[in-house]
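Numbering (the working numbering), first residue to last: 11 to 292.
For every residue, glycine included, the Cβ atom is placed at its ideal position computed from N, Cα and C.
What follows is a set of notes on a single structure, which appears directly below.
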Ligand SMILES: [Zn+2]
């Protein structure tokens with residue numbers, strides 16, 4: 011039996027190799043976005059030689075929208091999704107009331123690891139005011155309670171797109187609206203239970219805070235007064251381009267909802283999908 015010829019990827023390197031873990035490249039693209047869209051940007055923390063950027067639109071007030079990505083470094087589709095969304099949303103960004111944290115854990119992205127330089131899972135530390143990285147984040151957000159927050163993540167064993175929703179308005183089903191926008195790119199996770207929690211068509215909805223300590227970003231924001239905190243997850247074993255496009259579409263849906271006045275667009279009859287547990291990967 012003749013062994014098959016070795017695979018040769020032809021053409022220029024940029025034609026087949028992505029740079030999603032190239033932190034310098036990602037941040038360079040973000041600086042370009044900030045310049046074009048007139049965003050104020052500053053470094054709120056430095057870790058492993060990398061800056062953590064905090065961007066605000068010119069109109070950002072005390073109750074902005076809040077989008078973040080890259081708390082976990084091995085979730086490049088989320089980082090890329092937020093970046094690609096921003097790159098094609100210049101007109102919106104110029105008039106938006108918005109805060110962006112484009113890459114919370116740059117060391118993790120560079121190393122393709124979930125944790126930071128010390129191996130810490132930052133998304134279990136958002137209630138830890140003594141942690142310097144979290145303290146810097148809290149200080150940057152002082153005096154501000156986002157009206158809605160979106161935390162972008164990925165999950166290595168997800169079977170599709172899914173999201174967590176914490177919402178003070180029991181009649182508003184924003185995650186459902188967002189998944190409907192993106193499911194043409196990445197289908198919804200069909201499981202009835204995801205990460206130990208009841209899910210309905212990819213939405214895990216909770217009214218009560220799911221934990222008292224080791225808080226993830228979305229729960230800490232909700233505790234701090236955010237009305238609606240969403241966490242979205244794309245399957246990190248899927249095609250990177252599809253993952254980033256789906257993430258980007260999710261943000262489009264949030265912006266469309268917000269621009270429509272934050273109205274109650276979607277209503278679902280079955281509700282109260284509240285469960286507890288601490289096995290989530292977001
Ligand atoms: Zn994550």
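Counting along the chain, residue 26 sits inside no beta strand (DSSP E), nor does DSSP assign it H or E at all. If you compare the alpha carbons of 136, 205, 126, 186 with that of residue 59, the shortest gap goes to 126. Residue environment analysis places residue 166 among the exposed positions, since fewer than 16 neighbouring C-beta atoms fall within 10 angstroms of its C-beta. In the pairwise beta carbon analysis, the segment 153-171 is classified as touching the segment 243-255: at least three pairs are separated by under 8 angstroms. In the three-state scheme derived from DSSP, where H, G and I count as helix and E and B as strand, residue 232 is classed as helix. Here the alpha carbon of residue 200 sits roughly 38 angstroms from the alpha carbon of residue 21. Here the C-alpha atom of residue 38 lies approximately 40 angstroms from the C-alpha atom of residue 203. Rounded to whole angstroms, the separation of the alpha carbons of residue 67 and residue 189 is 26 angstroms.
Look at the beta carbons and you see the segment 86-95 not touching the segment 129-147: under three pairs across the two are nearer than 8 angstroms.
When the alpha-carbon of residue 161 is set against those of 223, 236, 27, 194, the nearest one is in 236. Distance from the Cα of residue 159 is smallest, within the candidate group 124, 74, 192, for 74. DSSP places residue 188 in the helix class (H, G or I) of the three-state scheme. Here residue 88 is near residue 164, since their CB atoms are less than 8 angstroms apart. When the alpha-carbon of residue 82 is set against those of 122, 110, 76, the nearest one is in 122.
Distance from the C-beta of residue 223 to the nearest heavy atom of ligand 1 is not below 7 angstroms. Between the segment 34-53 and the segment 95-109, the count of C-beta pairs closer than 8 angstroms reaches three or more; the two stretches touch. Spanning the alpha carbons of residue 30 and residue 196 requires a straight line of approximately 19 angstroms. Around the CB of residue 23, fewer than 16 other CB atoms lie within 10 Å, so the residue is classed as exposed. The C-beta distance from residue 184 to residue 225 rounds to 21 angstroms, too long to fall under 8 angstroms, and the pair is not in contact.
Under DSSP, residue 237 forms no beta bridge with any residue. For residue 160, the Cβ stays outside the 7 angstroms cut-off from all heavy atoms of ligand 1. Less than 8 angstroms divides the Cβ of residue 215 from the Cβ of residue 175.
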